[in-house]
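Worksheet: the structure to be examined is printed underneath.
There are 2 protein chains.
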Amino acid sequence: MPLYAQLTRAIRFAIATGRLRVGEQLPTVRQLAVDLRVNANTVAKVYAELERSGILETRRGVGTFVSARHLTPVHRDEHEKHLKELVDRFLEEAGAMGFSVDDLLDQLQSRRKKELRNV
Amino acid sequence: MPLYAQLTRAIRFAIATGRLRVGEQLPTVRQLAVDLRVNANTVAKVYAELERSGILETRRGVGTFVSARHLTPVHRDEHEKHLKELVDRFLEEAGAMGFSVDDLLDQLQSRRKKELRNV
DNA sequence: CTGCTTGTACTACTGTCGTAGTACAATCCG
DNA sequence: CGGATTGTACTACGACAGTAGTACAAGCAG
Chain A
2 MPLYAQLTRA
12 IRFAIATGRL
22 RVGEQLPTVR
32 QLAVDLRVNA
42 NTVAKVYAEL
52 ERSGILETRR
62 GVGTFVSARH
72 LTPVHRDEHE
82 KHLKELVDRF
92 LEEAGAMGFS
102 VDDLLDQLQS
112 RRKKELRNV
Chain B
2 MPLYAQLTRA
12 IRFAIATGRL
22 RVGEQLPTVR
32 QLAVDLRVNA
42 NTVAKVYAEL
52 ERSGILETRR
62 GVGTFVSARH
72 LTPVHRDEHE
82 KHLKELVDRF
92 LEEAGAMGFS
102 VDDLLDQLQS
112 RRKKELRNV
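Chains as they are written, first to last, in the working numbering: chain A, 2 to 120; chain B, 2 to 120.
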């Protein structure tokens, strides 16, 4: 998986799980680039993309911060829509492999049980 | 989506849903290439990949046929494994978006209900 | 054997993606 | 204002995926 995708996912995950909180500042583009041994542009692209998604806010000369927008109702709706799209793709793929919705449900439910056991 | 992927998916789907039955012959590499206005090699690659997956059988000078192997227990196990892998990827993606297994289950269950209504 | 049909191997072109390099622009702070 | 820090725009290059072209090999039918 490409660097930028890994980073995007990591940041989204950090915010989703509360490890990064609203208003908190992220590392500088350049700083993070150095830490990850990656080009600054790669980090910048990620920040920009996440800003377009509305979960970050950047201010020139200041830095990049976790936005509060992803808590608004509008954004939660969009988020829900993305889940639907993800499920669409998932169902399509599974369908091409000959699996039904029920097959997927069974599989997911067994995962859920496993998760519960690990708590 | 690339041509070869579309074709692969279409054939898998046709077999999974019974529109192509075991033993049935598929169009010739060249013939299908002409029909789809695609290079013969593209079709050949798809056939070869599906043969590696064990759901097609090809005989030079004769043609390509739907194999019976995908009905064997071994193959069904592999198939099951692929479902697990698909679900893994799915869960990972959803997790990065901040969704839990339960969110996914809810979504899928509502899909299932819709499907039932359409019957 | 000969010719035709089938799939296959090899090569090469083209576009796109991912990343990096460099130079620029906006903002803050003293 | 002026320097430092921040994000940004533009360019270019390497790698790879996808597709096509062409020539080859295996099998069948007469």
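Virtual Cβ for every residue (Gly too), placed ideally from N, Cα, C. Owing to the predicted nature of the structure, the values given are computational and were not obtained by experimental measurement.
Taking CB distances under 9 Å as the criterion, tell me whether residue i reaches chain B.
i: Arg22/A; result: no
i: Gly55/A; result: no
i: Gly96/A; result: yes
i: Ala45/A; result: no
i: Leu8/A; result: no
i: Ala17/A; result: yes
i: Lys82/A; result: no
i: Val120/A; result: no
i: Leu105/A; result: yes
i: Val67/A; result: no
i: Leu4/A; result: no
i: Leu92/A; result: yes
Chain A beta carbons: is any one of them nearer than 9 Å to that of residue i?
i: Ala34/B; result: no
i: Gly99/B; result: yes
i: Leu51/B; result: no
i: His76/B; result: no
i: Glu116/B; result: yes
i: Leu37/B; result: no
i: Leu87/B; result: yes
i: Arg70/B; result: no
i: Leu109/B; result: yes
Contact defined as beta carbons within less than 8 Å: I believe residue i pairs with residue j. What is the distance between those atoms, to the nearest angstrom?
i: Thr43/A; j: Ala34/A; result: 7 Å
i: Ala97/A; j: Val23/A; result: The Cβ separation is near 40 Å, so there is no contact.
i: Ile16/B; j: Val67/B; result: 6 Å
i: Arg113/B; j: Asp103/A; result: 7 Å
i: Gln108/B; j: Lys85/A; result: 7 Å
Can you grab the Cα-Cα spacing for the pair residue i / residue j, in whole Å?
i: Gly19/B; j: Gly99/A; result: 10 Å
i: Val75/A; j: Gly55/A; result: 11 Å
i: Leu106/A; j: Arg31/A; result: 44 Å
i: Leu4/B; j: Lys46/A; result: 29 Å
i: Arg60/B; j: Leu21/B; result: 18 Å
i: Glu58/A; j: Thr65/A; result: 6 Å
i: Glu52/B; j: Thr73/B; result: 15 Å
i: Arg13/B; j: Glu94/A; result: 10 Å
i: Gln7/A; j: Gln26/B; result: 43 Å
i: Met2/B; j: Arg90/A; result: 12 Å
i: Pro28/A; j: His71/A; result: 20 Å
i: Arg77/B; j: Leu37/A; result: 43 Å
i: Thr9/B; j: Val120/A; result: 41 Å
i: Val88/A; j: Glu79/B; result: 23 Å
i: Ala11/B; j: His83/A; result: 25 Å
i: Phe40/B; j: Glu81/B; result: For the sequence presented, residue 40/B should be read as Asn rather than Phe. Distance between the alpha carbons of Asn40/B and Glu81/B: 33 Å.
i: Ser111/A; j: Leu117/A; result: 10 Å
i: Leu92/A; j: Ser101/A; result: 8 Å
Indicate the three-state DSSP secondary structure (helix, strand or coil) for residue i in the structure shown.
i: Leu51/B; result: helix
i: Leu27/A; result: coil
i: Leu57/B; result: strand
i: Val120/B; result: coil
i: Asn42/A; result: helix
i: Leu21/A; result: coil
Quiz item: Mind pulling the beta strand (DSSP E) runs of 3 or more residues that sit fully within the region 59-117 of chain B?
Solution: 64-67
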